[in-house]
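Peer 1: This is the structure I have questions about; it appears just below.
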Amino acid sequence: MLTLKIAFRNIFRNTRRSITTLSTIAIGATAVLVFGAYITYIQYGVQTSAVQRTGHLQVFRNGYFNYGTAAPADWGIDSYQDVLRLIREDPELKRLTAVVTPIQSLAGIAGNFENNTSKPFFGTGFVPSDRDRMKQWDEYGTGSQGLTNSGLRDNDLTKGITGTGVVRILGLCDRLHLNDCPPTPKLAARQPDPSTSALATPAPDLAELATRDNSADDTHSEEPIIDLLAATAGGAPNVVTLRVSRVEIQTLKELDDNYVGMNIGLAQNLIYGRGEHQVSGIVVQLKRTEDLEKARKRLMGLFKEYGLDLEARDFTELNPQYNQIIGMFRSIFAFISAIIAMVVLFTVTNAMGMSVIERTGEIGTSRAMGVRRHGIRKQFLAEGSLLGVMGATVGVLLAYLVAYAINHSTLTWSPPGQVARAPLRLYLIGAEWLIATTWIGLLVVSALSALVPANRAARMVVVDALRHV
Amino acid sequence: MKTQALAQIPETKHAGGPVVRLSDVVKVYKEGDVEVSAIKGITFDIPRQRFSMIVGPSGSGKTTPLNLIGCIDKPTQGTIFVGGQDVGALNDNAISDFRAQRVGFIFQNFSLIPVLSAWENIEHPLMLLGVPAAERRERSTRMLEAVGLSDQRKRRPNQLSGGQKQRVAIARALVKGPDFVLADEPTANLDSQTGASIIDLMRRMQEEYSTTFVFSTHDSHLMSHADETFTIRDGQLVNHVSGGSRC
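As they're listed, the protein sequences go chains C and Z. Everything in the first sequence is counted per our numbering, starting at 1045 for the first residue and increasing by one. Everything in the second sequence is counted per our numbering, starting at 0 for the first residue and increasing by one.
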């Protein structure tokens, strides 16, 4: 008790030096906590965005994740309605899940034969109402939006959405009146090469098919029509018509230039034709991320129990950039924390070193009165630790103030991997682990900083210390 | 400061014989490559419950025996028995505990802990000894009254005069009931009137608490109060006067 009393009073003996030291620790603590809270928010924001798009888990036929994406039709889940029912009706999973919905991945060629243009595409077929429900997931209240409303209806198999690049390349910008979507520039006419000219235009039967399809629709509609050509599961070519009801900018140019989203029924018509309709995956979105492993375990248990050759992949596997983004921010956080720890270390060491020099006579007196070397060491360690405790505590309070100010401002930003802007927030409430680690970390650094001066004080020769003026 | 687990020091306070015995003690200091002999083989006993003075001109080496007796320095050669204990045989922790239990110090520059009040400074040695709080309070308060500073108990050293600081230092030295009190030039930083009152106080306390006081001084007024006088010159004991009888 006396050690702490003396330590506390000595801290305020040289007020200016102590305030400088305490400010350094406090600002360091604030910086670490604010940045840590920002990273926590980013982590939750990126997770929210990923979970809205891909769910927490996706169930595939075993091997699809590694080998099947090139030919989704060959890796479809048989009797998927039974699997869906099995997952949806399982009592344990029912409690954990928010949305369980099928998806169908597909790839092929998208063509606008009015404009004589075509390009490869890849896309997804989904249940529009389920996709819109998935968009509602916001466990952490980040306000992140990985998806926008599709605007599609479950019973309408004619409409779909595309990336802006798809409609730009297919020459549909004018029809869609899109901003930032310039019309296709006129290229200088080339002399036709007889050997390739036949390939430059669509095959007569496809062109005819497209013409027939288009004539059946209202070609004056605001929603332009594209034709999607893909190979069916049986290997035959198949074509469907899609009205572009919405254009959604994607986060990567490659994705934006190739993405086509549609009602799952349309995707199945294209891939499976008149054959048995399958799906390439089943998306499972949970109510809470912390239940992910529990849900995965239960799913695998069900698959084993019913002899289903299925696997479940989580959102970090489905979104490799998730771990990259989090890893990058954590590295930056560790780097900044290390720098701040070094600054605190040198500041406290300097302050304690000065204190030892100034109090040499006092050290001699204490030793003469019978305080052991260990007692002197403990005294200075207590002072260093107390500086850490006070500085870190003030830092935590300052961090809460900064977090409050930012959270109540109207600042917004674009999170990584997301198009829509989100409110800028600092997640300090609930970040007990971050606060405790920072507080204890600074306390330990401060105590360690005092170790060298404390040892110097403890090793002083009593008569020399008493003689010190 | 937390109470130390004190080493077992043999109880000798009421034993007979001298409180301190120095036997052929040599102390050599090294200053760079140069060796300086502060004490050149001195032998003497300090009797109990007396006012003993180690006197001599400045630089004669009178502070060195005081440091050796107080166990804050070690002899280069020779043995020192304090209360029958060969202090040369004790390790650093045992020596610290020995000082905590047996030795009181009064310094020329008072050497109070600046962040503690007068009362807390007096209580400090008792905390080191692990004396229970109630007893600490009682003994510290009594000692503060004994040195006439009851009304100054909450004042810090920087709020006290030189004389008041030295009174606190005397109370601090005596509060634990040491075997002896070592006082290094206790009146050197005081004006003559305050110095005289401090000498009177120490004499009164010595009689009241039956304690041994050992001084190093060249203050003639203080010397006039000596029961025993050891004169040191050039690191050697040149004279010993005991109760008016010369040895």
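Even for Gly, the Cβ is constructed at its ideal location relative to N, Cα and C.
Less than 8 Å between CB atoms is the rule here; does residue 142 of chain Z satisfy it with respect to chain C?
Peer 2: As a position in the second sequence, residue 142 of chain Z is number 143, starting the count at 1. Judged by the 8 Å Cβ criterion, residue 142 of chain Z is not in contact with chain C.
Peer 1: Going along the chain, which residues of its own chain have a beta-carbon closer than 7 Å to the beta-carbon of residue 1088 of chain C, five neighbours each way excluded?
Peer 2: The residue you call residue 1088 of chain C lines up with position 44 of the first sequence. Same-chain partners within the cutoff: 1184, 1186, 1471.
Peer 1: For residue 56 of chain Z, name the three-state secondary structure that DSSP assigns.
Peer 2: Against the second sequence, residue 56 of chain Z aligns to sequence position 57. In the three-state reduction of the DSSP assignment, residue 56 of chain Z falls in the coil class.
Peer 1: By the DSSP assignment, the beta strand (DSSP E) with residue 91 of chain Z in it spans what residues?
Peer 2: Mapped onto the second sequence, residue 91 of chain Z falls at position 92. Note, residue 91 of chain Z: premise wrong, no beta strand (DSSP E); alpha helix (DSSP H) at 91 to 101.
Peer 1: Would you be able to state if there are at least three C-beta pairs under 8 Å between the segment 1271 to 1288 of chain C and the segment 1122 to 1134 of chain C?
Peer 2: Verdict: no, contact absent.
Peer 1: Determine the contact status of residue 154 of chain Z and residue 117 of chain Z, defining contact as a CB-CB distance below 8 Å.
Peer 2: Start at 1 with the first residue of the second sequence, and residue 154 of chain Z comes out as number 155. Start at 1 with the first residue of the second sequence, and residue 117 of chain Z comes out as number 118. Contact flag set, yes.
Peer 1: Compute the beta-carbon to beta-carbon distance between residue 1428 of chain C and residue 1494 of chain C, rounded to the nearest angstrom, for a pair I have assumed lies under 8 Å.
Peer 2: As a first step, residue 1428 of chain C is located in the first sequence; it is residue number 384 there, counting from the start. As a first step, residue 1494 of chain C is located in the first sequence; it is residue number 450 there, counting from the start. Between residue 1494 of chain C and residue 1428 of chain C the Cβ distance is about 2 Å, and since that is below 8 Å, they are a contact.
Peer 1: Which chain C residues are close to residue 72 of chain Z, counting only those with a beta carbon under 9 Å from its beta carbon?
Peer 2: Sequence index remark: in the second sequence, residue 72 of chain Z carries index 73 (1-based). Residues of chain C passing the Cβ test: 1505, 1506, 1507.
Peer 1: Whose C-alpha, out of C:1398, C:1432, C:1452, is nearest the C-alpha of residue 1388 of chain C?
Peer 2: Taking the first residue of the first sequence as position 1, residue 1388 of chain C is located at position 344. Among C:1398, C:1432, C:1452, the Cα nearest to that of residue 1388 of chain C belongs to C:1432.
Peer 1: Determine which residues share a DSSP beta bridge with residue 239 of chain Z and list them.
Peer 2: One-based indexing of the second sequence puts residue 239 of chain Z at position 240. According to DSSP, residue 239 of chain Z bridges with Z:229.
Peer 1: Is the beta carbon of residue 1459 of chain C less than 8 Å from the beta carbon of residue 1143 of chain C?
Peer 2: What you label residue 1459 of chain C is simply residue 415 of the first sequence in a count that begins at 1. What you label residue 1143 of chain C is simply residue 99 of the first sequence in a count that begins at 1. Cβ distance not < 8 Å, so residue 1459 of chain C and residue 1143 of chain C don't count as in contact.
Peer 1: Does the separation of the CB atoms of residue 87 of chain Z and residue 73 of chain Z fall below 8 Å?
Peer 2: Working through the second sequence from its first residue, we reach residue 87 of chain Z at position 88. Working through the second sequence from its first residue, we reach residue 73 of chain Z at position 74. Contact flag set, yes.
Peer 1: Once you ignore the five residues that flank residue 1270 of chain C on each side, which residues in its own chain have a CB closer than 7 Å to its CB?
Peer 2: Along the first sequence, read from residue 1 onward, the residue named residue 1270 of chain C stands at position 226. Close CB contacts of residue 1270 of chain C within its chain, under the 7 Å cut and outside five residues either way in sequence, are with 1154, 1155, 1156, 1214, 1286, 1288 (chain order).
Peer 1: Beta carbons nearer than 9 Å to chain C: which residues of the segment 119 to 140 of chain Z have them?
Peer 2: Per Cβ criterion, the list reads 119, 122, 123, 124, 126, 127, 128.
Peer 1: Which residue wins for smallest C-alpha separation from residue 1376 of chain C, given the options C:1050, C:1064, C:1080, C:1141?
Peer 2: Walking along the first sequence from the start, residue 1376 of chain C turns up at place 332. Of the candidates C:1050, C:1064, C:1080, C:1141, the one whose C-alpha sits nearest the C-alpha of residue 1376 of chain C is C:1080.
Peer 1: Please list the partners that residue 112 of chain Z has in chain C, where partner means a Cβ-to-Cβ separation under 8 Å.
Peer 2: Taking the second sequence and counting its residues from 1, one reaches residue 112 of chain Z at position 113. 1050, 1406, 1409, 1410, listed in chain order.
Peer 1: Between the Cα of residue 1383 of chain C and the Cα atoms of C:1072, C:1062, C:1439, C:1314, which residue gives the shortest distance?
Peer 2: Counting from 1 along the first sequence, the entry for residue 1383 of chain C is found at position 339. Closest option to residue 1383 of chain C, Cα to Cα, is C:1072.
Peer 1: Between which two residues does the beta strand (DSSP E) holding residue 1355 of chain C run?
Peer 2: By 1-based counting over the first sequence, the position of residue 1355 of chain C is 311. It spans 1354 to 1358 - the beta strand (DSSP E) in which residue 1355 of chain C sits, taken as one unbroken run.
Peer 1: Which of the three DSSP states, helix, strand or coil, is assigned to residue 1275 of chain C?
Peer 2: Position 231 of the first sequence, counted from the start, is the residue given in the question as residue 1275 of chain C. DSSP places residue 1275 of chain C in strand when its eight states are reduced to three.
Peer 1: Over what stretch of residues does the beta strand (DSSP E) that includes residue 1162 of chain C continue unbroken?
Peer 2: Stepping through the first sequence from its first residue, residue 1162 of chain C is reached at position 118. Where residue 1162 of chain C is concerned, the enclosing beta strand (DSSP E) stretches over 1161 to 1170.
Peer 1: Does DSSP classify residue 1134 of chain C as helix, strand or coil?
Peer 2: Locating residue 1134 of chain C in the first sequence gives position 90, where the first residue counts as 1. Three-state result, residue 1134 of chain C: coil.
Peer 1: Under 6 Å Cβ to Cβ from residue 1343 of chain C, same chain only, skipping five residues before and after it: list those, please.
Peer 2: Within the first sequence, residue 1343 of chain C is the residue found at index 299, counting from 1. Answer for residue 1343 of chain C: 1356, listed in chain order.
Peer 1: Using a Cβ-Cβ cutoff of less than 6 Å, which residues in the same chain neighbour residue 1514 of chain C once the five nearest sequence positions on both sides are dropped?
Peer 2: An answer regarding residue 1514 of chain C cannot be provided, because it is not within the stretch 1045 to 1513 covered by chain C.
Peer 1: By the three-class DSSP mapping on this structure, what secondary structure does residue 1457 of chain C have?
Peer 2: For the purposes of this step, residue 1457 of chain C is taken as the residue at position 413 of the first sequence. Strand, per DSSP.
Peer 1: Among C:1505, C:1046, C:1083, which one has its Cα closest to the Cα of residue 1381 of chain C?
Peer 2: The residue labelled residue 1381 of chain C in the question sits at position 337 within the first sequence. Comparing alpha carbon positions, the residue from C:1505, C:1046, C:1083 closest to residue 1381 of chain C is C:1083.
Peer 1: Classify residue 1441 of chain C as buried or exposed, calling it buried when 16 or more other Cβ atoms lie within 10 Å of its own Cβ.
Peer 2: The sequence position of residue 1441 of chain C within the first sequence is 397, counting from 1. That one is exposed.
Peer 1: Please report the distance separating the alpha-carbon of residue 1197 of chain C from that of residue 1173 of chain C.
Peer 2: Against the first sequence, residue 1197 of chain C aligns to sequence position 153. Against the first sequence, residue 1173 of chain C aligns to sequence position 129. The straight-line gap separating the alpha-carbon atoms of residue 1197 of chain C and residue 1173 of chain C is approximately 7 Å.
Peer 1: Among the candidates C:1339, C:1318, C:1221, C:1467, whose CA atom is the shortest distance from the CA of residue 1276 of chain C?
Peer 2: Mapped onto the first sequence, residue 1276 of chain C falls at position 232. Comparing Cα positions, the closest option is C:1318.
Peer 1: Going by DSSP, what residues sit across from residue 1327 of chain C in a beta bridge?
Peer 2: Locating residue 1327 of chain C in the first sequence gives position 283, counting from the first residue. Answer by DSSP bridge pairing, in chain order: C:1102, C:1145.
Peer 1: Does the Cβ of residue 1497 of chain C have 16 or more other Cβ atoms within 10 Å, making it buried, or fewer, making it exposed?
Peer 2: On the first sequence, residue 1497 of chain C is found 453 positions in, with the first residue counted as 1. Per the 10 Å Cβ criterion, buried.
Peer 1: With 8 Å set as the bound, which would you pick, yes or no: does the beta-carbon of residue 1066 of chain C sit closer than that to a beta-carbon of chain Z?
Peer 2: As a working note, residue 1066 of chain C is residue 22 in the first sequence. Not closer than 8 Å to any Cβ of chain Z, the Cβ of residue 1066 of chain C fails to qualify, so no.
Peer 1: Does any residue of chain C bring its CB to less than 8 Å from the CB of residue 98 of chain Z?
Peer 2: Stepping through the second sequence from its first residue, residue 98 of chain Z is reached at position 99. Chain C places a beta carbon closer than 8 Å to that of residue 98 of chain Z, counting this residue as a contact.
Peer 1: Identify, in the order they occur along the chain, each residue of the same chain with its Cβ nearer than 6 Å to the Cβ of residue 1502 of chain C, setting aside the five sequence neighbours on each side.
Peer 2: Within the first sequence, numbered from 1, the residue matching residue 1502 of chain C stands at position 458. Here the set comprises 1417, 1420, 1421.
Peer 1: If we define contact as Cβ-Cβ less than 8 Å, is residue 1139 of chain C a contact residue for chain Z?
Peer 2: As a first step, residue 1139 of chain C is located in the first sequence; it is residue number 95 there, counting from the start. Chain Z contact via Cβ: absent.
Peer 1: For residue 1405 of chain C, I'd like the list of residues in its chain whose CB is within less than 7 Å of its CB, leaving aside the five on either flank, ordered along the chain.
Peer 2: Residue numbering aside, residue 1405 of chain C sits at position 361 when the first sequence is read from its first letter. Contacts found: 1509, 1510, 1512.
Peer 1: Assign residue 1484 of chain C to buried or exposed, taking buried as 16 or more other Cβ atoms, counted over all protein chains shown, within 10 Å of its Cβ.
Peer 2: As a position in the first sequence, residue 1484 of chain C is number 440, starting the count at 1. That one is exposed.
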